[in-house]
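Sequential numbering from 11 applies to the sequence shown in my numbering. What follows is a set of notes on a single structure, which appears directly below.
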Amino acid sequence: MMRVPGFGGWSEDPLWASFYDWSVEHPRAGGVVWKAGIGSDLSRLYAAAAEIGRQPAGSSVLDVPCGGGVALRGLRPGQGIRYVAADISPAMLDRTREAAHERGVADQVETQVADVGALPFGDGEFDLVVSFTGLHVFGDPHAAMLEMGRVTHPGGVLTGSALLNDTGLRTVPIRRLGRLSGLLGPSATQAEVRTWMLEAGFTDVTLEMSGAMGYFRGVRR
11 MMRVPGFGGW SEDPLWASFY DWSVEHPRAG GVVWKAGIGS DLSRLYAAAA EIGRQPAGSS
71 VLDVPCGGGV ALRGLRPGQG IRYVAADISP AMLDRTREAA HERGVADQVE TQVADVGALP
131 FGDGEFDLVV SFTGLHVFGD PHAAMLEMGR VTHPGGVLTG SALLNDTGLR TVPIRRLGRL
191 SGLLGPSATQ AEVRTWMLEA GFTDVTLEMS GAMGYFRGVR R
């Protein structure tokens, strides 16, 4: 596959990853960027990540792909949960560990190099699985959804977000450039996300759009 110079794929540490982390950590400026780029409200991501902070002590949470650790904003110091940050990129895991220390939650966070298509975890191991801005970067998003369903405990929750395909012409250039650079995979349509979640064993499936970004959630049967 061709690569756009200076970007690289997610198994490396592309420039885009740093920009993405910056946009999330600076709500005022980042919100403008998200609205202008994909028509999405950045506060929707913060609201979804807040579900992490509502998990009771003793819960297990999987964050895949964790990237630079942006979802850690939902984890509270002293919350008393097991938080597993998984990513295919060791460089991303380094950044997540740094973010965990900065937020004072490193004692709850463990990191794991992992391919979402073959997660190295047991069936039903996690009470909550989060995958923010992740589905659209996976090479096989369908297989990824099935794996995330496998490791979610019955009664547990999967929540995440993705840049979806059937969201109008506005994001066509972004998706094309992303695939050319190796930053984006095939992603999915809204109907495919719903279907895959049902196939993965989730009920009470919801999918809400914020511009081109879809926020999905389901409860494991």
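All residues carry an ideal CB built from backbone N, CA and C; glycine is no exception.
With DSSP as the reference, label residue i as helix, strand or coil.
{"i": "Ala172", "result": "strand"}
{"i": "Ala201", "result": "helix"}
{"i": "Asp73", "result": "strand"}
{"i": "His111", "result": "helix"}
{"i": "Leu52", "result": "coil"}
{"i": "Leu138", "result": "strand"}
{"i": "Arg64", "result": "coil"}
{"i": "Asp117", "result": "helix"}
{"i": "Gly78", "result": "coil"}
{"i": "Asp104", "result": "helix"}
{"i": "Gly41", "result": "helix"}
{"i": "Gly88", "result": "coil"}
{"i": "Gly47", "result": "helix"}
{"i": "Gly127", "result": "helix"}
Looking only at its own chain, which residues have a Cβ that is under 6 Å from the Cβ of residue i, when we skip the five neighbours before and after it?
{"i": "Gly221", "result": "Ile48, Gly49, Ser50"}
{"i": "Arg160", "result": "Asp133"}
{"i": "Asp97", "result": "Pro75, Cys76, Leu103"}
{"i": "Arg86", "result": "Gly63"}
{"i": "Val139", "result": "Leu72, Met158, Thr162, Leu168"}
{"i": "Arg113", "result": "Leu82"}
{"i": "Ser141", "result": "Val74, Gly170"}
Per DSSP, residue i forms a beta bridge with which residues?
{"i": "Ala96", "result": "Gln122"}
{"i": "Tyr225", "result": "Ser171, Glu218"}
{"i": "Ser28", "result": "Paired residues: none, contrary to the question."}
{"i": "Arg230", "result": "Phe212"}
Going by beta carbon distance, what residues of the same chain come within less than 8 Å of residue i, once the five residues before and after it are set aside?
{"i": "Gly195", "result": "His146, Val147, Phe148, Gly149, Asp150, Pro151, Arg189"}
{"i": "Gly178", "result": "Ala222"}
{"i": "Gly40", "result": "Trp32, Ser33, Val34, Leu52"}
{"i": "Pro130", "result": "Gln122, Ala124"}
{"i": "Gln89", "result": "Gly63, Gln65, Ala67, Val115, Gln118"}
{"i": "Glu108", "result": "Gly79"}
{"i": "Ser197", "result": "Leu145, His146, Pro151, Ala172, Leu173, Leu174, Asn175, Arg185"}
Less than 7 Å between C-beta atoms, sequence neighbours within five positions excluded: which residues of the same chain meet that for residue i?
{"i": "Met11", "result": "Any reading at Met11 must be qualified, since the residue scores a pLDDT of 39, below 50, and its modelled position is unreliable; no value is offered."}
{"i": "Ala1", "result": "Since the first residue of the chain shown is 11 and the last is 231, residue 1 is not available in this structure."}
{"i": "Ala210", "result": "Met155, Leu156, Met158, Gly159"}
{"i": "Thr213", "result": "Gly228, Val229, Arg231"}
{"i": "Phe136", "result": "Ser70, Val71, Leu72, Val161, Thr162, His163, Gly166"}
To the nearest whole angstrom, what separates the beta carbons of residue i and residue j, a pair I think is in contact under 8 Å?
{"i": "Val71", "j": "Arg92", "result": "7 Å"}
{"i": "Gly144", "j": "Ala101", "result": "Their Cβ separation, rounded to whole angstroms, is 16 Å, which puts Gly144 and Ala101 out of contact at 8 Å."}
{"i": "Thr205", "j": "Asn175", "result": "Not confirmed; about 14 Å, so no contact."}
{"i": "Tyr225", "j": "Ala58", "result": "6 Å"}
{"i": "Val203", "j": "Leu217", "result": "6 Å"}
{"i": "Gly127", "j": "Ala95", "result": "Going by Cβ atoms, the distance from Gly127 to Ala95 rounds to 18 Å, so no, they are not a contact pair."}
For residue i and chain B, any beta-carbon pair shorter than 8 Å?
{"i": "Ala101", "result": "The structure shown contains no chain B, having only a single protein chain."}
Considering only heavy atoms of the ligand ZN, does any lie closer than 7 Å to the CB of residue i?
{"i": "Asp150", "result": "For the structure depicted, the ligand ZN is absent and the ligand set is empty, with no information on it obtainable."}
Where are the beta strand (DSSP E) runs, 3 residues long or more, that stay fully inside the segment 141-192, in chain order? 162-173
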